[in-house]
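Shown next, in structure tokens, is the structure this report addresses.
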Amino acid sequence: MQEIKQQFKHGVVYTAIGQYASVIANFIVTIILSRLLGPKTYGVLSIILVFLPFFSLISELGVGPAIVQSHELDDEDYSSLFKILTFWSLIIGVIFGLLGIPVSYFYDDKIYILLSWMIAPNLIFSMMSVVPLSLLQKRQEFKHINITSLFAYVVGGVVGVVAAYMGLGVYSLILTSLIPVFLNFIAYFYFSKLKLFKGINEYSFGKIRSFSSYQFVFGIINYFSRNLDNLLVGKFFGQTALGNYGKSYQMITYPNNIFTNVIVPVMQPVLANYQENIQTIKKVYLKVLRFLLIVGIPLSLYLSVDSDLIIRFLFGSKWDGAIMPFRILSLTTWVQLITTTIGGIYQSRNMTKMLMKTGIVSTCITIFFIIIGILSGNINHFAAFIAANFYVTFTFNFYVLMKKALKSSITEVLKLILKPAVIAFIAFLAVIGWNSMAIDLHGIFWELLITSLIFWIIDLIGLIITKEIYFVFNIIFKN
Numbered sequence: 052m053q054e055i056k057q058q059f060k061h062g063v064v065y066t067a068i069g070q071y072a073s074v075i076a077n078f079i080v081t082i083i084l085s086r087l088l089g090p091k092t093y094g095v096l097s098i099i100l101v102f103l104p105f106f107s108l109i110s111e112l113g114v115g116p117a118i119v120q121s122h123e124l125d126d127e128d129y130s131s132l133f134k135i136l137t138f139w140s141l142i143i144g145v146i147f148g149l150l151g152i153p154v155s156y157f158y159d160d161k162i163y164i165l166l167s168w169m170i171a172p173n174l175i176f177s178m179m180s181v182v183p184l185s186l187l188q189k190r191q192e193f194k195h196i197n198i199t200s201l202f203a204y205v206v207g208g209v210v211g212v213v214a215a216y217m218g219l220g221v222y223s224l225i226l227t228s229l230i231p232v233f234l235n236f237i238a239y240f241y242f243s244k245l246k247l248f249k250g251i252n253e254y255s256f257g258k259i260r261s262f263s264s265y266q267f268v269f270g271i272i273n274y275f276s277r278n279l280d281n282l283l284v285g286k287f288f289g290q291t292a293l294g295n296y297g298k299s300y301q302m303i304t305y306p307n308n309i310f311t312n313v314i315v316p317v318m319q320p321v322l323a324n325y326q327e328n329i330q331t332i333k334k335v336y337l338k339v340l341r342f343l344l345i346v347g348i349p350l351s352l353y354l355s356v357d358s359d360l361i362i363r364f365l366f367g368s369k370w371d372g373a374i375m376p377f378r379i380l381s382l383t384t385w386v387q388l389i390t391t392t393i394g395g396i397y398q399s400r401n402m403t404k405m406l407m408k409t410g411i412v413s414t415c416i417t418i419f420f421i422i423i424g425i426l427s428g429n430i431n432h433f434a435a436f437i438a439a440n441f442y443v444t445f446t447f448n449f450y451v452l453m454k455k456a457l458k459s460s461i462t463e464v465l466k467l468i469l470k471p472a473v474i475a476f477i478a479f480l481a482v483i484g485w486n487s488m489a490i491d492l493h494g495i496f497w498e499l500l501i502t503s504l505i506f507w508i509i510d511l512i513g514l515i516i517t518k519e520i521y522f523v524f525n526i527i528f529k530n
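Here the sequence shown is numbered in my numbering, starting from 52 and rising by one per residue.
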């Protein structure tokens with residue numbers, strides 16, 4: 052158990068350094084670009100970017116997690132898989148470029164013809180990075196991965212901001228994402244020391260076919276579950292509504308970037324070595340969940356109660372349309388935090404078939420809620436149905452995970468929710484009480500500062516009283 056903790060901490064430290072710095076850099080760039088460009092520009096790009104993960108999944112074929120999990124692959128196999136993915140991604144890149152034609156007709160905007168070709172290299176370099184990145188993850192070389200990512204994000208952000216000031220509009224957003232992908236590929240390939248052999252071993256893919264095929268199908272299913280809302284919002288509510296909805300959704304992904312994106316990349320490489328030791332995996336996982344809930348539940352309620360101040364302070368009044376969707380969706384932040392970790396457990400238990408099956412059911416539930424939301428005819432009502440969907444799928448997914456993968460019960464997870472939920476709700480009510488007094492503090496900054504202090508001081512006191520704070524300190528600081 053102590054060995055697992057040390058491996059986790061080693062991975063998490065470097066992942067945290069790269070991830071947090073990247074999030075901060077990306078957040079600053081987003082604020083600047085949002086004030087320069089506005090909702091409609093973001094909405095235009097969001098429509099075409101929705102298709103990017105789908106094509107990435109088709110190109111990757113579930114190879115990344117399979118490389119991390121497998122102990123049967125050698126250098127010749129890695130070379131063959133790299134060549135297969137490179138060849139396949141070039142074909143998919145061309146198809147993605149041509150995708151702009153039907154998209155331009157569907158949304159009645161010719162700009163997508165050019166945008167699709169400009170984004171295609173992003174897809175190609177991303178897929179060429181799969182094998183080198185997976186090798187680094189398998190060897191737990193998190194330092195190289197995250198320092199590289201930080202440098203790439205900073206360079207891409209600077210170029211994007213300069214391009215926006217030069218009046219390049221939506222094209223500045225493309226540069227912001229394309230440059231990091233290219234720089235990451237160069238660095239991953241160099242640090243992974245991937246050896247390229249002559250020819251392709253046709254049996255290489257067969258060694259990981261079982262694991263990767265289920266992972267691949269789950270990825271496709273999960274893509275539609277996560278992106279169908281954006282596709283339909285852009286069509287039925289318009290580009291400006293999509294920009295506002297996308298901005299609110301983007302805001303609630305930052306906690307994932309800060310917390311689970313630090314833990315999840317480390318989870319599978321470490322726990323893969325203990326795939327038959329269910330009790331050890333469960334013990335480690337419940338500690339991870341407890342930590343994420345202590346942080347995530349109060350963060351959800353804080354973002355919701357201060358949604359108007361946060362949006363206006365960061366992005367300006369032109370984004371007022373994002374306030375209500377953000378207020379609603381932020382209540383799902385904690386749900387998304389812990390749900391993101393599910394895949395890592397199934398992978399570490401070598402149960403990607405079960406992951407695929409739960410993904411199918413979750414997607415069906417999601418589609419049901421999305422259709423109802425679209426029929427509601429209102430973007431705020433739509434956000435409410437999406438939020439309800441997250442809670443329903445959370446209950447289903449954790450019921451199955453705990454029962455099938457960890458041989459336990461969802462009640463173990465529900466018990467972890469109680470204390471942080473009660474504490475955060477008290478802080479939530481305190482802020483509402485303060486707001487009801489309508490005290491004029493002469494500026495958004497001061498209003499946000501005071502309400503933030505009220506919320507987090509009360510939450511901290513609650514954590515001290517319940518002794519949950521000591522668990523957090525133990526996780527972070529104790530060896």
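Beta carbons: idealized from backbone N, C-alpha and C, even for Gly.
| Query | Result |
| --- | --- |
| Considering ALA434, what are the terminal residues of the alpha helix (DSSP H) in which it resides? | 430-451 |
| Cα-Cα, which of SER381, TYR241, LEU340 is closest to ASP357? | SER381 |
| Taking the straight line between their C-alpha atoms, what separation do you get for ILE425 and LEU365? | 29 Å |
| Between the beta-carbon of PRO172 and the beta-carbon of ALA203, is there less than 9 Å? | no |
| Indicate whether LEU467 and ARG363 have their beta-carbon atoms separated by less than 9 Å. | no |
| Answer yes if the region 224-243 comes into contact with the region 175-193, meaning at least three C-beta pairs across the two stretches below 8 Å, and no otherwise. | yes |
| Would you mind listing the beta strand (DSSP E) stretches within the region 353-441 that are 3+ residues and don't spill past its ends, in chain order? | none |
| I want to check one thing, is the minimum distance from the CB of ALA373 to the heavy atoms of the ligand GDP below 8 Å? | Among the components of this structure there are no ligands whatsoever, and the ligand GDP is therefore not found. |
| Is ALA117 near ILE259, with beta carbons less than 9 Å apart? | yes |
| With a 10 Å radius around its C-beta and 16 neighbouring C-beta atoms as the bar for buried, classify ILE361 as buried or exposed. | buried |
| Within 8 Å, do at least three Cβ pairs link the region 381-392 to the region 442-452? | yes |
| Can at least three beta-carbon pairs, one atom from the region 187-200 and one from the region 150-169, be found at a separation below 8 Å? | no |
| Less than 9 Å separating the beta-carbons of GLY531 and SER177? | Residue 531 is absent from the structure shown; the chain starts at 52 and stops at 530. |
| Considering Cα atoms alone, identify which of ILE416, SER299, GLY410, PHE436 is closest to ASP371. | SER299 |
| For the region 247-256 against the region 206-225, are there 3 or more C-beta pairs whose distance is under 8 Å? | no |
| Here's a check: name, in chain order, each residue in its chain whose Cβ is nearer than 7 Å to the Cβ of SER131, leaving out the five neighbours to either side. | ILE251, ASN252, SER255 |
| Using a Cβ-Cβ cut-off of 6 Å (strictly less than) and excluding sequence neighbours within five positions of TRP507, which residues of its own chain qualify? | none |
| Suppose contacts are defined by Cβ-Cβ distances below 9 Å. Is VAL154 in contact with SER167 by that definition? | yes |
| Can you tell me whether LEU469 is buried or exposed, with buried defined as 16 or more other CB within 10 angstroms of its CB? | exposed |
| Which complete alpha helix (DSSP H) runs does the region 170-224 hold, if anything under 4 residues is left out? | 181-189, 193-216 |
| If we ignore side chains and look at the alpha-carbon of each, how far apart do ILE422 and LYS518 end up? | 44 Å |
| What does the Cβ neighbour count give for TYR442, buried or exposed, with the cut at 16 atoms within 10 Å? | exposed |
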